[in-house]
Amino acid sequence: MEYFFQQLINGITLGSVYALIALGYTMVYGIIQLINFAHGEFFAAGGYVGVIFMSYLVSQGAPAWVCLSGSLILAMAYCAMLAVAVEKVAYKPLRNSSRLSVLLSALGMSIFLQNGLMLTQGVYDKAYPTELAQGGFEMGNVMLSYMQIFIVSLTAFLLVALNVLVFKTRIGKAMRSTAQDKIMSALVGINSNRTISITFAIGAALAAAAGIMVGLYYGSVRYDMGFVPGIKAFAAAVLGGIGNITGAMIGGFIIGMVEIFAAGYISGEYKDVFAFVILIAVLYFRPSGIMGENVDDTRV
Amino acid sequence: MTIPEFKKHWTSLGIGMVWLFILLWPLLGVKPEGLEVASTFNVWWRIAVGCSFILFLYQLNKIGTFNFISRPASAVAGNIKKVSSTVPVVVWFVVGIVCAGLIPQFAGRYAQDVAINCMIYVCLGLGLNIVVGLAGMLDLGYIAFYGIGAYTYALLSVQFQLSFWICLPISAAAAGFGAWLIGYCSMRMRGDYLAIVTLGFAEIVRMVFNNWMSLTNGPNGVTGIKAPGLYWFDFTNGMTLEHIWLKKLSLVYYVILLLVAFTIIAVYRLQHSRTGRAWEAIREDETAAEVMGVPTFYMKLLAYCSGACFGGMAGAFYAARMRFVSPESFTFLESAMVLSMVVLGGMGSIPGVILGALALIALPEIFRDFELYRMLVFGGVMTLMMLFRPQGILPPKRKMRAGKE
Chain S
17 MEYFFQQLIN GITLGSVYAL IALGYTMVYG IIQLINFAHG EFFAAGGYVG
67 VIFMSYLVSQ GAPAWVCLSG SLILAMAYCA MLAVAVEKVA YKPLRNSSRL
117 SVLLSALGMS IFLQNGLMLT QGVYDKAYPT ELAQGGFEMG NVMLSYMQIF
167 IVSLTAFLLV ALNVLVFKTR IGKAMRSTAQ DKIMSALVGI NSNRTISITF
217 AIGAALAAAA GIMVGLYYGS VRYDMGFVPG IKAFAAAVLG GIGNITGAMI
267 GGFIIGMVEI FAAGYISGEY KDVFAFVILI AVLYFRPSGI MGENVDDTRV
Chain L
6 MTIPEFKKHW TSLGIGMVWL FILLWPLLGV KPEGLEVAST FNVWWRIAVG
56 CSFILFLYQL NKIGTFNFIS RPASAVAGNI KKVSSTVPVV VWFVVGIVCA
106 GLIPQFAGRY AQDVAINCMI YVCLGLGLNI VVGLAGMLDL GYIAFYGIGA
156 YTYALLSVQF QLSFWICLPI SAAAAGFGAW LIGYCSMRMR GDYLAIVTLG
206 FAEIVRMVFN NWMSLTNGPN GVTGIKAPGL YWFDFTNGMT LEHIWLKKLS
256 LVYYVILLLV AFTIIAVYRL QHSRTGRAWE AIREDETAAE VMGVPTFYMK
306 LLAYCSGACF GGMAGAFYAA RMRFVSPESF TFLESAMVLS MVVLGGMGSI
356 PGVILGALAL IALPEIFRDF ELYRMLVFGG VMTLMMLFRP QGILPPKRKM
406 RAGKE
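If you read the protein sequences in the order shown, they are chains S and L.
Heads up: the first sequence begins at 17 in my numbering, then just goes up one per residue.
Heads up: the second sequence begins at 6 in my numbering, then just goes up one per residue.
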């Protein structure tokens with residue numbers, strides 16, 4: 017039973033990371049129907065920029081909360097800028113061309129960014145200054161570390177903030193209406209290019225936060241760490257119904273749980289397989305996901 | 006070109022460059038020791054100068070400064086095209102194969118090695134071309150079938166000492182069967198969803214290779230695979246049939262040349278058959294094709310499986326040539342590489358795919374000094390290609406809309 021609770025805690029932690037990445041996928045897909053392959057790279061870049069600024073701040077002797085929040089904000093801002101640049105270069109000129117072209121352009125960008133990270137930061141793992149938040153609560157044999165509390169609470173905060181942004185503010189309204197009908201919302205005076213850029217920026221900022229969390233949790237980052245979590249987060253987005261923000265959160269938690277429990281109770285070696293199996297099963301039996309309404313045939 | 010347009014280009018370049026500097030600086034300049042700008046600036050000014058130069062050339066071209074070169078050049082190109090189209094395809098094919106057949110006689114070991122590599126990718130590219138170029142399905146997991154083919158031959162050779170020539174069709178069939186299993190559950194999907202599902206399947210296949218220790222020896226790979234063998238006449242004492250292993254590189258080269266020739270003919274025949282037309286109809290408009298009586302599900306499955314068979318064959322050859330396989334060789338990046346060959350060359354066009362494979366395998370060998378930047382350039386070129394020439398270098402003669410959905 018203790019093992020179960022331990023796995024549950026780990027699953028929630030991992031799931032919140034996937035949920036954050038999945039939001040970026042789902043928002044971008046909802047607004048321009050594009051699988052942004054480069055999204056996993058935003059996650060990796062966020063992790064890297066986070067470790068870079070954090071090492072700098074730690075070496076300057078800043079207190080722990082300044083290191084954490086400062087590098088978090090800087091990394092999120094950085095990834096937002098990166099995402100806007102990628103969108104302007106690789107996606108905007110292709111807005112009216114075939115789906116295949118955009119997808120390949122995204123793939124090219126993903127490879128480009130991954131190798132850009134490798135060239136500037138090297139092929140080896142880069143370690144996070146993990147002494148910032150060590151220790152935790154112990155209840156019997158169940159361990160709840162401060163890091164896990166930090167990750168889950170930060171995720172909860174970001175999710176609430178995002179929900180407020182999307183459902184309560186003007187820009188959120190613009191995003192929702194652009195997602196529904198680009199031409200009509202342009203007619204009533206919404207600048208769709210700007211809205212799309214902002215969507216990319218928000219999604220990438222969330223991915224950057226996830227990158228820092230993963231870096232802190234596992235202690236290091238790697239230039240190619242974006243690919244597999246990226247695909248899993250996409251699976252989460254699809255599972256929840258792509259284009260649906262609440263769905264992406266739920267999907268993220270489900271994928272995280274499944275991975276941890278599968279690794280704990282079935283087989284650790286094949287844990288990555290389960291996310292893919294879920295992805296395929298969902299696409300096969302219910303392409304619109306748990307929360308999604310029925311997608312029309314041409315889109316599937 | 007008007008003056009406001011001229012100004013607009015330079016302003017956006019300026020903004021882009023400032024943006025780039027901000028993006029580069031944290032990665033290059035922020036160190037635990039301090040914040041420095043010099044190293045970032047060092048990289049940045051080179052990029053900035055390069056971009057300005059390209060914009061400058063582009064604007065000159067827009068104004069028409071280069072007309073004195075481009076007009077006669079395009080006329081000459083038009084004439085060449087006209088003359089070349091009168092020569093039948095068979096002649097080009099034979100000339101190409103003969104030229105390729107002469108390479109081992111004149112080139113060194115290194116060049117043969119590169120050529121063999123190129124030809125493996127030509128096989129793969131042509132196989133994927135059936136799926137992506139003809140049937141218009143985006144397949145991001147093609148490399149799985151290459152892997153299945155390679156492992157099939159590797160295991161049959163190591164465990165049962167079967168000969169390469171028997172295993173070649175078995176490998177193709179195994180890959181085709183794998184494709185059938187995958188395709189049967191994913192052919193209902195279209196576009197992006199299909200892409201992501203095939204990617205998932207390829208990753209699953211790779212993880213199985215990586216973790217099924219008892220069968221595939223996991224990450225260590227399978228060693229001791231036999232080279233292709235051949236019975237050949239031996240005249241030393243009378244005339245006897247001798248079994249020889251094709252271990253010399255030039256002999257292996259001819260094996261893959263044979264495979265390439267077979268693949269080209271097969272793909273050409275498929276493309277110009279009723280089946281090929283059905284695939285192209287599905288690519289252009291799946292719903293319309295279905296209405297016109299094309300059995301779309303069956304045809305898509307067929308395209309997927311036949312593409313996979315060629316991948317499996319290339320895989321069997323790869324295993325025989327390296328005499329070693331490991332899961333490392335079948336990663337997603339390899340899939341992306343093959344896909345970009347097809348796209349770069351021109352989807353649906355056989356000479357285009359061959360050219361794409363040559364460009365992506367041979368060119369990096371020439372620029373060996375820039376090895377580190379290879380994948381960076383590769384990703385960048387893929388994006389730029391989509392922006393400026395989405396139809397590829399040598400688009401097929403029959404018009405296509407490239408899977409517009």
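The beta carbon of each residue, even a glycine, is placed where N, CA and C say it ideally should be.
Predicted, not measured: the structure shown is a model, and the values here were computed from it.
Rounded to whole angstroms, what is the Cα-Cα separation between residue i and residue j?
i	j	result
L:F267	S:S126	35 Å
S:G27	S:P245	14 Å
L:A283	L:A294	8 Å
S:I89	S:R186	23 Å
L:V136	S:L232	42 Å
L:R279	L:G351	22 Å
L:S79	L:G130	29 Å
S:I47	S:A195	4 Å
S:I167	L:T157	45 Å
L:L204	L:Y126	19 Å
S:F290	S:G152	30 Å
L:P300	L:D290	13 Å
L:V92	L:P356	15 Å
S:E18	S:G280	12 Å
L:F375	S:G138	16 Å
L:G21	L:I27	10 Å
L:T241	L:G384	55 Å
S:A106	L:L167	49 Å
S:F128	S:G77	35 Å
Give the DSSP bridge partners of residue i, in chain order.
i	result
L:Y236	L:H248
L:V227	L:V330
S:A143	S:S236
S:M159	S:E154
L:A35	Correcting the residue identity first, residue 35 of chain L is Val in this sequence and not Ala. DSSP output for L:V35 lists L:L40 as bridge partner(s).
For the alpha helix (DSSP H) holding residue i, just list the boundary residues, first then last.
i	result
L:M194	Note, L:M194: premise wrong, no alpha helix (DSSP H); not H, not E.
S:E154	Note, S:E154: premise wrong, no alpha helix (DSSP H); beta strand (DSSP E) at G152 to M155.
L:V137	Taken as a continuous stretch (DSSP letters only), L:V137 belongs to no alpha helix (DSSP H), as it is neither H nor E.
L:G357	I355 to I371
S:P245	F243 to G256
L:R274	L254 to Q276
S:Q130	R115 to Q137
S:L39	E18 to I48
S:R192	R186 to Q196
L:A82	N72 to T91
L:F335	Segment: none, L:F335 is in no alpha helix (DSSP H) and carries neither H nor E.
L:Q110	V94 to F111
Could you say which of the options lies nearest to residue i if we only look at CA atoms?
i	options	result
L:L25	S:Y94, S:V254 and S:L135	S:Y94
S:V118	L:I261, L:G317, L:G353 and L:G196	L:G196
L:Y323	L:T70, L:P109 and L:N122	L:N122
L:G229	L:A159, L:H14, L:L220 and L:P9	L:A159
L:L133	L:L349, L:P77 and L:E376	L:L349
S:P79	S:Y234, S:G257, S:F290 and S:P145	S:P145
L:L235	L:V227, L:I269, L:H248 and L:W217	L:H248
S:F173	S:L120, S:Y72, S:K198 and S:L222	S:L222
S:M92	S:K108, S:E154 and S:A217	S:A217
S:I68	L:F315, L:L32 and L:I148	L:L32
L:Q64	L:P9, L:S89, L:F98 and L:W97	L:P9
Could you work out which residues of chain S lie near residue i, taking near to mean beta carbons separated by less than 7 Å?
i	result
L:G196	R115
L:I27	M97
L:T388	A106, S121, G124, M125 and F128
L:M124	Neighbours of L:M124 on chain S: none; closest Cβ ~24 Å, over 7 Å.
Taking residue i as the query, report the chain S residues whose CB atoms sit under 8 Å from its CB, ordered along the chain.
i	result
L:P31	V65, I68, F69, L90 and Y94
L:G385	G124 and F128
List the residues of chain A that residue i touches, going by C-beta distances under 8 Å, in chain order.
i	result
L:T301	This model lacks chain A altogether, as its protein chains are S and L.
Going along chain L, which residues have a C-beta under 7 Å from residue i?
i	result
S:D289	Note that residue 289 of chain S is Val in the sequence shown, not Asp. Within chain L, the residues near S:V289 are I209 and M212.
S:L119	L143, D197 and A200
S:G132	L381
Whose Cβ in chain S lies nearer than 9 Å to the Cβ of residue i?
i	result
L:V343	Correct list: empty, because the minimum Cβ distance to chain S is about 12 Å.
In chain L, what lies closer than 8 Å to residue i by C-beta?
i	result
S:P109	L392
S:I247	I201, L204, G205 and E208
S:E275	Those do not exist, as S:E275 stays about 13 Å from chain L at its closest Cβ, beyond 8 Å.
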